[in-house]
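Working notes for the structure below.
There are 2 protein chains.
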Amino acid sequence: MLRIGKLTDYATVVMAELAEHPGECWSASQVAEVTRLELPTVAKVLKTLAKSGLIDSVRGVNGGYRLHDPAESVSVAAIIRAMEGPIALTECALEPGRCSREHECSLKGNWKRIGETVEHALESLSLADLAAPGNPGLHLVTRTGPRSAKRGN
Amino acid sequence: MLRIGKLTDYATVVMAELAEHPGECWSASQVAEVTRLELPTVAKVLKTLAKSGLIDSVRGVNGGYRLHDPAESVSVAAIIRAMEGPIALTECALEPGRCSREHECSLKGNWKRIGETVEHALESLSLADLAAPGNPGLHLVTRTGPRSAKRGN
DNA sequence: TAAAATAATACCAAATTGGTCTTGTTTTTC
DNA sequence: GAAAAACAAGACCAATTTGGTATTATTTTA
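Chains as they are written, first to last, in my numbering: chain S, 1 to 153; chain D, 1 to 153.
Written as structure tokens, this is what we have:
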């Protein structure tokens, strides 16, 4: 079924939640409560997202996390990449030397191209599309979206 | 990394091998030898592919497997579906009731749409594209391709 | 300076997946 | 017509990956 990890799924939920409150700082506890996910799980997801730069982490008493970019500018592909690394469907498509039968495989570069096709499709979907419930049409990712930072708390 | 199962990867290798000999009947042993894959693994893959109708199985002494449709008519998506079931990235996109937090999830139908986007991308790639080593341009899947059945052996 | 709140790290358990073996069926030859 | 050989089909077992949890370290404010 071509699955992604559950943590990646959770990541989109968390990101969508943060996207609904642009600029505001939300602690892991708050996010866990509103998303009905377990706190440690949310913390792990937030950590990974922060490490990749998709969200900013603020330590201290009133710290938490907030989106680094507006929801319209972050693609679904970026979220998946943050959680699972480079988008590829097979090992051989990631980097040479991973597959033992690399030289005797007839469809070497083709899987790489397939992965790129999928990635391109995911690149065209934005976080704003996910966050908006039941929106009829999907927007394209815009790299020029307004930085709607209210600088919360 | 958005991975597919190894068996699915092997399935494409096996299908590509069969595609190079249209109409011919190849036993599991023969396929295993030429693909350098383990015989039981190949047998398992062939069984699954046959059950889905992508290949035909012929029992008996000189039996084996052969492609049911010409390579140009079978899409990568079809192979993935045969090995992994319906193409979806999350459980909730498969069918209602799978996810416990379905009613409280804000991005219910969106994952379904994402899966469809990916599937559409995979649908446009044919087995002939995989089989052809290093071909520069990818062909689209044609449902009207010539049934190049030589009826082998 | 101390306490409280939060992020980061490391560890453990469970589920899925990949691989192997055994059994059953068909066909051909004697 | 019977027996043997070849092949497909199904069931079982082990390993890797993934998800979840607990603990530790750091920062900030009172």
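We treat Cβ as the ideally placed atom computed from N, Cα and C, and that holds for glycine. Because the structure is a prediction, the values reported are computed rather than measured.
Quiz item: Of the residues 109/S, 84/S, 85/S, which one's Cα is nearest the Cα of residue 96/S?
Solution: 109/S
Exercise. State the beta-bridge partners of residue 129/S as determined by DSSP.
Key: Its beta-bridge partners do not exist; DSSP assigns none.
Self-check item: Straight-line Cα distance separating residue 75/D from residue 154/S
Solution: Shown here, chain S extends from 1 to 153; a query on residue 154/S therefore has no answer.
Quiz item: When the Cα atoms are used, what is the spatial distance from residue 128/D to residue 59/S?
Solution: 54 Å
Practice problem: Using three-state DSSP, classify residue 64/S as helix, strand or coil. | Solution: strand
Quiz item: If you check the beta carbons only, do residue 10/S and residue 34/S fall under 7 Å apart?
Solution: At least 7 Å separates the beta-carbon of residue 10/S from that of residue 34/S.
Practice problem: May I have the straight-line CA-CA distance separating residue 120/D from residue 16/S, to the nearest angstrom? | Solution: 25 Å
Quiz prompt | Inter-residue spacing [alpha-carbon to alpha-carbon] between residue 43/S and residue 113/S | solution = 35 Å
Exercise. Could you tell me the boundaries of the alpha helix (DSSP H) in which residue 56/S lies?
Key: From DSSP, residue 56/S is part of no alpha helix (DSSP H) but of the beta strand (DSSP E) over 55 to 58.
Practice problem: Using the DSSP secondary-structure output, state which residues sit across from residue 26/S in a beta bridge. | Solution: 65/S
Quiz item: Looking at residue 89/D and residue 115/D, is the spacing between their C-beta atoms short of 7 Å?
Solution: yes
Quiz item: How many whole angstroms separate the CB atoms of residue 37/S and residue 55/S, which I take to be in contact at a CB cut-off of 8 Å?
Solution: Not really, about 16 Å apart at Cβ, beyond 8 Å.
Quiz item: Which residue or residues does DSSP assign as beta-bridge partners of residue 75/D?
Solution: 126/D
Exercise. Would you tell me roughly how many angstroms separate the C-alpha atoms of residue 63/D and residue 79/D, rounded to the nearest one?
Key: 22 Å
Quiz item: How many Å lie between residue 7/D and residue 84/D at the Cα?
Solution: 9 Å
Quiz item: If we cut at 7 Å on Cβ distances, does residue 59/D have a partner in chain S?
Solution: no
Quiz item: CA-CA distance, residue 5/S and residue 25/D?
Solution: 39 Å
Self-check item: Contact belief for residue 155/D with residue 65/D at Cβ below 8 Å, rounded distance in angstroms
Solution: This structure cannot speak to residue 155/D, because chain D is shown only from 1 to 153.
Exercise. Could you check which residue in 30/D, 82/D, 93/D has the C-alpha nearest to that of residue 49/D?
Key: 82/D
Quiz item: Mind pulling the chain D residues with CB within less than 7 Å of residue 89/S?
Solution: Counting only Cβ-Cβ distances below 7 Å, residue 89/S has contacts in chain D at 2, 3, 4, in chain order.
Exercise. Look up residue 97/D in the DSSP assignment and say whether it is helix, strand or coil.
Key: Secondary structure of residue 97/D (DSSP, three-state): coil.
Quiz item: Of all the CB atoms in chain S, is at least one closer than 7 Å to the CB of residue 118/D?
Solution: yes
Quiz item: Cβ of residue 149/D less than 7 Å from any chain S Cβ?
Solution: Residue placement at residue 149/D is flagged as unreliable, the pLDDT there being 32, under the threshold of 50; a coordinate-derived value is accordingly withheld.
Exercise. Report yes or no: is there a C-beta of chain S within less than 7 Å of the C-beta of residue 16/D?
Key: yes
Quiz item: Any residues in the segment 21 to 39 of chain S with a beta carbon nearer than 9 Å to a beta carbon of chain D? Which ones, in chain order?
Solution: 35, 36, 37
Quiz item: Helix, strand or coil for residue 1/S per DSSP?
Solution: coil
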